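Protein chains in written order, with the numbering used here: chain F, 1 to 254; chain D, 1001 to 1288.
Beneath this line is the structure, given in structure tokens, with notes to follow.
This is how it looks when you write it as structure tokens:
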């Protein structure tokens, strides 16, 4: 059966792959990332784990096309990602966003339709339908006309996710999505991420809380300016490899 | 009483001044929403001071014509703006510091130059505005600037708002963020210049910040902020021109003073974000 929306590839036979090969990113003369390679595909939920300054945000931004790549390449579905792609959504850290900006929940979600609607064209029925569907999926129907300044942390994160869904993104790059959320919101967000990946999207998120990694993610990339290890949680998220990533002082120092 | 109120409308220079105040106030009020959302009031204020030496040099080189002051100030603003960027990139200074150094130096040069040319009286007009001295050709210049600026800003409303809200996310959605930022700054400078004759370069930033900042305290709607800012800017400026005539005070400062008074009212009495309503109902905010 054909998926009429095709905003995910769970219904397709093929697997969409994201390949990062020998990636290096430089800020001025400093190596933020060097020789990072890994490969994953739709339907996976990947944790980026590493100490502060390990390059987690840098890697997410590089995949999103926000930073120039000094060496190596990033391939999505076999082709190089140009400056940006409709299929890749970037969700910044919540603390980096101006929540006093006068805009409603629906207004933020609508931004996700920019690639389809363009600079001037009024939103078409398909756009409005995609916006409504995204809002429904994230359980924001009751809040859609509310100002973003009046949202809780969990709701803010769901607004970002709804924008990514309205964008019909296949790859969702999340920077510290769980940071600052209360316990129920964390549990709800974990469920949402699972749902999103089960529908065939690829989720990559930087993550701090070591206790929840096993519950939420399928794969782990341990990062310390280079890729220390990458693979399924059971194989990579081990004491030895974590020590190698965080150094002898342990995870708490992070 | 009625006669006294209606009297200013009989003079052609007053009619011109009111029309110009409406035009300039509307354009600046609309554009002020971008300045407030971009949080760049300080930068715009610095650039407005940088306009003065441009005018001085233009007068010195080609004399005072319809467009010479406009082009001279535009050139000066670009030079100072880009210069501050170059200084901050080429040294360890941040751009705000670089801008402060460049614009104060340029402003000082402008004042000395204008004194030497011997147009002390006109200097007053460039500093604080002289809306009563407008000619028909000035009105047309203002009209075309308003028309162009409003046209560009409304046409690019969608990508501009996305850029202001979150530039990185906007970039990942295909918005040419850097180009739009430069374009926005360029349009803001042009709007700034258009207000020179009304309020002068010392007060221009007031007209290019206060209207939308006031509306920002009254509403959460983005559209209201833009068009409400335009409405407030136009009406307050026109009213200030009349009030200036009635009370015999200078129109330029009157415009900024009226806007400041309206802002003070909003700051105190806004139903949602006013100081008084927040002081009397602190619990309501915690519930959200």
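Where a beta carbon is used, it is the ideal one built from N, C-alpha and C, also for glycine.
Computed from a predicted model, the values in this text were never measured in an experiment.
8 Å Cβ cutoff, residue i in contact with chain D
| i | result |
| --- | --- |
| residue 120 (chain F) | yes |
| residue 92 (chain F) | yes |
| residue 153 (chain F) | no |
| residue 65 (chain F) | yes |
| residue 114 (chain F) | yes |
| residue 101 (chain F) | yes |
| residue 76 (chain F) | no |
| residue 25 (chain F) | no |
| residue 30 (chain F) | no |
| residue 111 (chain F) | yes |
| residue 3 (chain F) | Confidence at residue 3 (chain F) is low in this model, with a pLDDT of 39, below 50, so the placement of that residue should be treated as unreliable; the coordinate-derived value is given next. So, not an interface residue. |
Min CB distance residue i to chain F below 8 Å
| i | result |
| --- | --- |
| residue 1029 (chain D) | no |
| residue 1000 (chain D) | Because residue 1000 (chain D) is not part of the residues shown, which for chain D are 1001 to 1288, the question remains open. |
| residue 1175 (chain D) | yes |
| residue 1222 (chain D) | yes |
| residue 1001 (chain D) | no |
| residue 1152 (chain D) | no |
| residue 1171 (chain D) | yes |
| residue 1155 (chain D) | yes |
| residue 1286 (chain D) | Note that residue 1286 (chain D) scores a pLDDT of 45, beneath 50, so its modelled location is shaky; the value from the coordinates is reported in the next line. Chain F contact via Cβ: absent. |
Nearest residue (CA-CA) to residue i, options the options
| i | options | result |
| --- | --- | --- |
| residue 1075 (chain D) | D:1097, D:1048, D:1268 | D:1048 |
| residue 167 (chain F) | F:54, F:233, F:116 | F:116 |
| residue 229 (chain F) | F:24, F:39, F:79 | F:39 |
| residue 138 (chain F) | F:156, F:85, F:127, F:26 | F:156 |
| residue 110 (chain F) | D:1169, D:1046, D:1194 | D:1169 |
| residue 1007 (chain D) | D:1246, D:1266, D:1114, D:1067 | D:1246 |
| residue 141 (chain F) | F:158, F:61, F:149 | F:158 |
| residue 1193 (chain D) | D:1037, D:1010, D:1073, D:1056 | D:1073 |
| residue 1054 (chain D) | D:1081, D:1242, D:1034, D:1134 | D:1081 |
| residue 53 (chain F) | F:27, F:194, F:63 | F:27 |
| residue 1112 (chain D) | D:1227, D:1052, D:1153 | D:1052 |
| residue 87 (chain F) | F:225, F:248, F:201, F:221 | F:201 |
Three-way DSSP call (helix, strand, coil) for residue i in this model
| i | result |
| --- | --- |
| residue 171 (chain F) | strand |
| residue 1070 (chain D) | helix |
| residue 213 (chain F) | helix |
| residue 1246 (chain D) | helix |
| residue 118 (chain F) | coil |
| residue 42 (chain F) | coil |
| residue 1237 (chain D) | helix |
| residue 1159 (chain D) | helix |
| residue 247 (chain F) | coil |
| residue 103 (chain F) | coil |
| residue 1216 (chain D) | helix |
| residue 1288 (chain D) | Below a pLDDT of 50, predicted positions are generally treated as unreliable, and residue 1288 (chain D), at 43, falls in that range; no measurement from the model is reported. |
| residue 258 (chain F) | Nothing about residue 258 (chain F) can be reported from this structure: the residues present for chain F run from 1 to 254 only. |
| residue 26 (chain F) | strand |
| residue 35 (chain F) | strand |
| residue 83 (chain F) | coil |
| residue 1022 (chain D) | helix |
| residue 53 (chain F) | coil |
| residue 65 (chain F) | coil |
| residue 1209 (chain D) | coil |
| residue 206 (chain F) | strand |
| residue 20 (chain F) | strand |
| residue 97 (chain F) | coil |
| residue 1274 (chain D) | coil |
| residue 1267 (chain D) | helix |
| residue 1015 (chain D) | helix |
| residue 129 (chain F) | helix |
8 Å Cβ cutoff met for residue i and residue j
| i | j | result |
| --- | --- | --- |
| residue 50 (chain F) | residue 245 (chain F) | yes |
| residue 181 (chain F) | residue 48 (chain F) | no |
| residue 41 (chain F) | residue 20 (chain F) | no |
| residue 1229 (chain D) | residue 1211 (chain D) | yes |
| residue 1266 (chain D) | residue 1217 (chain D) | yes |
| residue 1274 (chain D) | residue 1268 (chain D) | yes |
| residue 91 (chain F) | residue 164 (chain F) | yes |
| residue 1208 (chain D) | residue 1221 (chain D) | no |
| residue 76 (chain F) | residue 18 (chain F) | yes |
| residue 1086 (chain D) | residue 1191 (chain D) | no |
| residue 1023 (chain D) | residue 1130 (chain D) | no |
| residue 192 (chain F) | residue 161 (chain F) | yes |
| residue 35 (chain F) | residue 22 (chain F) | yes |
| residue 1252 (chain D) | residue 1029 (chain D) | no |
| residue 81 (chain F) | residue 55 (chain F) | no |
4 or more residues per run - each alpha helix (DSSP H) lying fully within the stretch 1059 to 1146 of chain D: 1068 to 1090, 1095 to 1117, 1120 to 1128
For a minimum of 4 consecutive residues, which ranges assigned as the alpha helix (DSSP H) are wholly contained in the stretch 142 to 203 of chain F? 153 to 166, 183 to 198
Alpha helix (DSSP H) segments (min. 4 residues) lying fully within the stretch 1174 to 1198 of chain D: 1177 to 1194
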